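Encoded as C-alpha cells, the structure appears first; notes follow it.
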Amino acid sequence: MRKPRLVVIGNGMAGIRTLEELLEIAPNQYDITVFGAEPHPNYNRILLSPVLAGEQAFKDIVLNPLNWYAEKGITLHLGREVSQIDRRCRVVRCADGTEAPYDRLLIATGSSPFILPVPGKDLDGVISYRDIRDTEIMIETAKVKRHAVVIGGGLLGLEAANGLKLRGMDVTVVHLADTLLERQLDSTAGKLLQQSLEARGLAFRLSHQTTEILGDDNRCVRAVRFSNGDEIAADLVVMAAGIRPNTTLAEAAGLHCARGIVVSDTLQTYDPRIYAVGECVSHRGVAYGLVAPLFEQAKVCANHLALMGIGSYRGSVLSTKLKVTGIDLFSAGDFLGGEGTEEIVLSDPASGVYKKLVIRDDKLVGACLYGDTADGAWYFKLLREGRTLGELRERIMFGESSVGDVGTQGQNRASAMADTDEVCGCNGVCKGTIVKAITEKGLFTLDEVKKHTKAASSCGSCAGLCEQMLMSTLGSTYDAAPKEKAVCGCTDLSHADVRRAVREHRLTTHRAAFDFLEWRTPNGCATCRPALNYYMLSTWPKEAVDDPQSRFVNERVHANIQKDNTFSVIPQMKGGVTNASELRRIADVADKYQIPMVKVTGGQRIDLLGVKKDDLVNVWRDLGMPSGHAYGKSIRTVKTCVGSEFCRFGTQNSTQMGIDLETMLANMWSPHKVKLAVSGCPRNCAEAGIKDVGVIAVDSGWELYVGGNGGIKTEVAQFLVKVKTAEEVKEYTGAFLQLYREEAYYLDRTVHYLDRVGLDYVKQRVVADAANRRALYERLLFALDGLPDPWQARINGAQANEYRPLTAMATAQSTTSADVATETTTV
Numbered sequence: 001m002r003k004p005r006l007v008v009i010g011n012g013m014a015g016i017r018t019l020e021e022l023l024e025i026a027p028n029q030y031d032i033t034v035f036g037a038e039p040h041p042n043y044n045r046i047l048l049s050p051v052l053a054g055e056q057a058f059k060d061i062v063l064n065p066l067n068w069y070a071e072k073g074i075t076l077h078l079g080r081e082v083s084q085i086d087r088r089c090r091v092v093r094c095a096d097g098t099e100a101p102y103d104r105l106l107i108a109t110g111s112s113p114f115i116l117p118v119p120g121k122d123l124d125g126v127i128s129y130r131d132i133r134d135t136e137i138m139i140e141t142a143k144v145k146r147h148a149v150v151i152g153g154g155l156l157g158l159e160a161a162n163g164l165k166l167r168g169m170d171v172t173v174v175h176l177a178d179t180l181l182e183r184q185l186d187s188t189a190g191k192l193l194q195q196s197l198e199a200r201g202l203a204f205r206l207s208h209q210t211t212e213i214l215g216d217d218n219r220c221v222r223a224v225r226f227s228n229g230d231e232i233a234a235d236l237v238v239m240a241a242g243i244r245p246n247t248t249l250a251e252a253a254g255l256h257c258a259r260g261i262v263v264s265d266t267l268q269t270y271d272p273r274i275y276a277v278g279e280c281v282s283h284r285g286v287a288y289g290l291v292a293p294l295f296e297q298a299k300v301c302a303n304h305l306a307l308m309g310i311g312s313y314r315g316s317v318l319s320t321k322l323k324v325t326g327i328d329l330f331s332a333g334d335f336l337g338g339e340g341t342e343e344i345v346l347s348d349p350a351s352g353v354y355k356k357l358v359i360r361d362d363k364l365v366g367a368c369l370y371g372d373t374a375d376g377a378w379y380f381k382l383l384r385e386g387r388t389l390g391e392l393r394e395r396i397m398f399g400e401s402s403v404g405d406v407g408t409q410g411q412n413r414a415s416a417m418a419d420t421d422e423v424c425g426c427n428g429v430c431k432g433t434i435v436k437a438i439t440e441k442g443l444f445t446l447d448e449v450k451k452h453t454k455a456a457s458s459c460g461s462c463a464g465l466c467e468q469m470l471m472s473t474l475g476s477t478y479d480a481a482p483k484e485k486a487v488c489g490c491t492d493l494s495h496a497d498v499r500r501a502v503r504e505h506r507l508t509t510h511r512a513a514f515d516f517l518e519w520r521t522p523n524g525c526a527t528c529r530p531a532l533n534y535y536m537l538s539t540w541p542k543e544a545v546d547d548p549q550s551r552f553v554n555e556r557v558h559a560n561i562q563k564d565n566t567f568s569v570i571p572q573m574k575g576g577v578t579n580a581s582e583l584r585r586i587a588d589v590a591d592k593y594q595i596p597m598v599k600v601t602g603g604q605r606i607d608l609l610g611v612k613k614d615d616l617v618n619v620w621r622d623l624g625m626p627s628g629h630a631y632g633k634s635i636r637t638v639k640t641c642v643g644s645e646f647c648r649f650g651t652q653n654s655t656q657m658g659i660d661l662e663t664m665l666a667n668m669w670s671p672h673k674v675k676l677a678v679s680g681c682p683r684n685c686a687e688a689g690i691k692d693v694g695v696i697a698v699d700s701g702w703e704l705y706v707g708g709n710g711g712i713k714t715e716v717a718q719f720l721v722k723v724k725t726a727e728e729v730k731e732y733t734g735a736f737l738q739l740y741r742e743e744a745y746y747l748d749r750t751v752h753y754l755d756r757v758g759l760d761y762v763k764q765r766v767v768a769d770a771a772n773r774r775a776l777y778e779r780l781l782f783a784l785d786g787l788p789d790p791w792q793a794r795i796n797g798a799q800a801n802e803y804r805p806l807t808a809m810a811t812a813q814s815t816t817s818a819d820v821a822t823e824t825t826t827v
C-alpha cells in the first residue's frame, strides 16, 4: 500500500516546524511534498534584523538546509508559488504546470505586509520588510543612498530603522500613534524607548500620517509627504506598518476565512482534509504574529496529522521580549490595565528602568518592563498559572530572587528554571534544548549557543541567561554550591564525601570504613549505619559485606512492620498477574494463620495484613511464592495495564513488559523505594506519569519517563527518551536506575536525585552516551545476578533468631544498641 500524501504550501517557519514535529513522532507516515514561493530553504525570519545590521549572514539563519529535505525524503519545490487548490480532485497546482495530489494538505502561507494605499507606493525604492529579498535590497541601497524613512514604529519598523542606521543611513521613523510599540508597551515605556533611540541617532515623526510618496523623473522615491503638508527627503522608504494573513489561495479554494483561515482547536479548516498553521490562520477570532504561538500550533497540528488525536490548541497567552539597540523590553498580558485592576509601578528614568505590574483579584494579569527584564519569564509564568499572589505581592516588584519562590532564593536564575521553561521567546527555545546542545555539541561560548540553538541570536535579551547555563553546565565556580551537610553527628563528612571514599579506597566493611574515615562514634548510629551499608553494597556488589544489623527492621525481617507490631506480607505477582492456584493458596494461608485483613494494594498486589512475626516463615513456606519487596529501600512493584493483549486501545504488550522489568530488577536495593509502571497506550491507565520510572507504549515503540512520585508531594515524571524495542526499554531503565543507585544519596527518591543533578545530566549519561549507558546496564545486571531469594533462604533456616517469639527473645542474647536503634517503622 502506498503511503498517504501530505502536501505543505509554505516553506516558512510554521509549516516546516509542523513537519519537524510530525517527523519526530511519525517519521514514516507520509510521502511529503513542500512548495515554497521563495528560492531559499527554510530560514528564520526573526533573524532578518541581525542580517540587516551586519551581525549575521543569510547562511547563519538557515534553519533547514537543502540536504535536510533530501535526508527526510521530502520532495521540495522552491521558487514555485501554488496558484490553485483543487479540493474536488485533491490536487494543488502552480502556474508553471507543476502539481501534486494530496490526501492531507497543510496551508502555511504566512502573512503579507500591509502596503499603505497612498500615491507613490509603487515607486522604485519603496519596499516592505518581510523576507530576505527585502533585506538584501536595504543592504544594497545603504551602500549608495543616505536618507531612509521607515513607516511604522512597531517591532519590524524599529528593527529596520536600527539596521539601516548601523549601515550608515540617516533614518526617520514615521508612526501614526503618539508612542512607539503601543501594542507592546504602555505610553511611559514607549516614551522612554523613544528618548533612548533618539540619543542613538534615530529621528521620529510621531502622530504623523503619510499621505503621499513623492518620486523623481525616473520614478525613484525622493520624499515623503504628511497630512500636515510637511515633507522629508527619502532615498528609501520601508513600509513596516503591519501584516495581514495571506488567505488569497484559501479564499479562492472556497475555504472559510475571516481575518485569516478559520481553524478549529485541532488546526483543521472547514475541509477536514486541510489543516492550516501560522500567521495565515484565525483561531477563535485571533491571528497571531509572534513565533511562540505558531510553534504551539505546529505541535498540535502534527499530533493530529500523525493520527494521534490527543492535541488541542486553546490559544496562546502572549509575551513580547525584545532588544532594540541594546535596550531590553518585555510585556505580557493586560499591561495597560483599566477598570478593576491595580498597578504597581517602579520608575527610575535616570537608571533607565521602568516596571509596571497589573493585578486583578490578587492575580498578576499584566507586566510591562523597560531596561530590566531579568524577571520577565517569572512574571509570565505567574501570569499563565493564574497564581494567587498572597504575601508574594509585597515583594513581587523586586523580582523572583527577593521572594525565594519555590526554593530558588540564592540560586542563579538559570539553575532555578525547569528544563521546559522558555528562555528565548523569539525562537521558542527552552532551557533543556540549550543545556542539551552545550553538553552534546561541546559548546563553550555564547556565540556557539546562538549558532546551534538560535537562543539569544535575535533580540539578545536572553543572552545573560544563556551565559548562566554555560557556566553551570560546564562546571564553572561562578555559582559555587554551598557545602553539603554531614551525614550525621558521627562525622563531618557529607553523603558525597562518604560515597567517594567508599569508591576510591575500596571500603567494604563497616569496621574498615569507620576506622579509615575516623568516625567519632566507634560503631556509628542508626542514621549513618544504614547509609554506609547501602553505599558499600551498591559500590562493591558481591564484595562488600552486608550487615543485617545496619538495616531497618523491615529489611532485616523482609516484611513490613505495622503499628501493632504485626507484619504484612505481599506475595509477588509480577506485573500484577496471578492465577487461580496462587489465589487459592493465599486464601488458605489467610484462613490458617487467622490473618485479619486481605487487601488489594494500589500497586495491583494482594496484602496480607496482621501476620505475627513468628508466623512469617511459615506463611512464606505455605504460600510457596516470593514475597514482593513492598517494605524496603528497594524495587517495589511494576504496575501494568492489560495492554495490547486484551485492550482495544493497547498499542504494545505492557503486561509482559512489566513482568520482564520486575524479573530483571528482582531483589534490587536502592537509596529509597523505587516504583515502576507500564501503560499500554497514551491513555496511561497504569499511572506511569507519577512513578520513578514510567513506561508508556505508543504506536512506534515506548516512551520512558523518570523521577515521578505519587507520595505526599506529587511529582510528575519527566520525559527521558523514546525507544522502539522492549530490550531498549530494559537497557535504558536499567541504566537510569543504576546511575541513581550509584550517585543518589541514601533516602533520596529519584525525584530528589534529579533535582540535584538535573535531567540534562541524566540524559547525557544515559541517552546521549551509548557506551556509558551500556556500562551502567551491565553493572546493574552484574550486581543483581545470582542474588538469593531472601524468603526461601529464611524458609531454609537463615537468621532464625529474627523470627523467634518475643518470650524466647527475652531470654536470648541482647541485641546490639544499633539493632535496637533501627527497630523502627520506615515510611
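In full-length UniProt numbering, the protein residues as written are 1 to 827. The C-beta atom is built at its ideal place from N, Cα and C for all residues, glycine as well. All of these numbers come straight from a predicted model, not from anything done at the bench.
- Here S128 is not near I327, since their CB atoms are 7 Å or more apart.
- If you look at P101, you'll find it in the beta strand (DSSP E) that goes E99 to P101.
- Here T539 really is in contact with V502; their C-beta atoms are around 5 Å apart, less than 8 Å.
- By the Cβ-count criterion, I310 is exposed, with fewer than 16 other Cβ atoms from all chains shown falling within 10 Å of its own Cβ.
- Distances from the alpha-carbon of M417 to those of V262, C466 and L443 put C466 closest.
- Closest by C-alpha distance to V751, out of S111, G707, E343 and P788, is G707.
- According to the DSSP assignment, E555 belongs to the alpha helix (DSSP H) that extends over V553 to V557.
- Measuring C-alpha to C-alpha distances from D591 to each of T601, G734, L623 and V577 identifies L623 as the nearest.
- For G610, the enclosing beta strand (DSSP E) covers residues I606 to V611.
- Rounded to whole angstroms, G658 and R794 show a C-alpha spacing of 27 Å.
- Per DSSP, reduced to three states, the secondary structure at S627 is strand.
- In the assembly as shown, H505 is an exposed residue. Its beta-carbon has fewer than 16 other beta-carbons within 10 Å.
- When DSSP states are grouped into helix, strand and coil, C220 belongs to the strand group.
- Nearest Cα to V291 within the set V600, E422 and E802: E422.
- For the beta strand (DSSP E) assignment, the uninterrupted runs of no fewer than 3 residues enclosed by the segment 554–585 are, from N- to C-terminal side, 567–569.
- Annotated as proximal: P596 and G610, with beta-carbon spacing under 7 Å.
- Looking from the CA of Y593, the closest CA among N618, Q604 and D607 belongs to N618.
- One alpha carbon belongs to A688, the other to A377, and they sit about 30 Å apart.
- In this structure, D216 lies near R222, with their beta-carbon atoms less than 7 Å apart.
- Judged by beta-carbon spacing, G110 lies within the 7 Å limit of G278, meaning their Cβ atoms are closer than that value.
- In chain order, V118, R225, F226 and S227 place their CB closer than 7 Å to the CB of T211, counting only its own chain and leaving out the 5 sequence neighbours on each side.
- Looking at N684, E645, S627 and E728, the one whose alpha-carbon comes closest to that of Q792 is S627.
- Within the same chain, Cβ atoms closer than 7 Å to the Cβ of E645 are found at N653 and T655, the five residues on either side in sequence being excluded.
- Pairing Y275 with Q297 gives a Cβ-Cβ distance that is not under 7 Å.
- Between A559 and P671, the gap from beta carbon to beta carbon reaches 7 Å or more.
- The three-state reading of DSSP puts E543 in coil, since its state is none of H, G, I, E or B.
- Per DSSP, V51 is one residue of the alpha helix (DSSP H) stretching across L48 to L52.
- A Cβ-Cβ distance of about 5 Å is found for the pair R605 and M573, placing them in contact under the 8 Å criterion.
- Ranked by Cα distance from D178, the options Q194, V62, A199 and G168 are led by Q194.
- Minimum Cα-Cα distance from N44 among the listed residues G36, G12 and P27 corresponds to G12.
- The continuous beta strand (DSSP E) containing K363 extends over residues K363 to Y370.
- Per DSSP, reduced to three states, the secondary structure at S128 is strand.
- In this structure, A100 lies away from A14, with their beta-carbon atoms at least 7 Å apart.
- Y270 sits exposed, since fewer than 16 C-beta atoms from the chains shown fall within 10 Å of its C-beta.
- With contacts defined by Cβ atoms closer than 7 Å, K639 and A587 do not form a contacting pair.
- The beta carbon of F295 sits closer than 6 Å to those of R17 and G428, all from its chain and outside the five residues before and after it, given in chain order.
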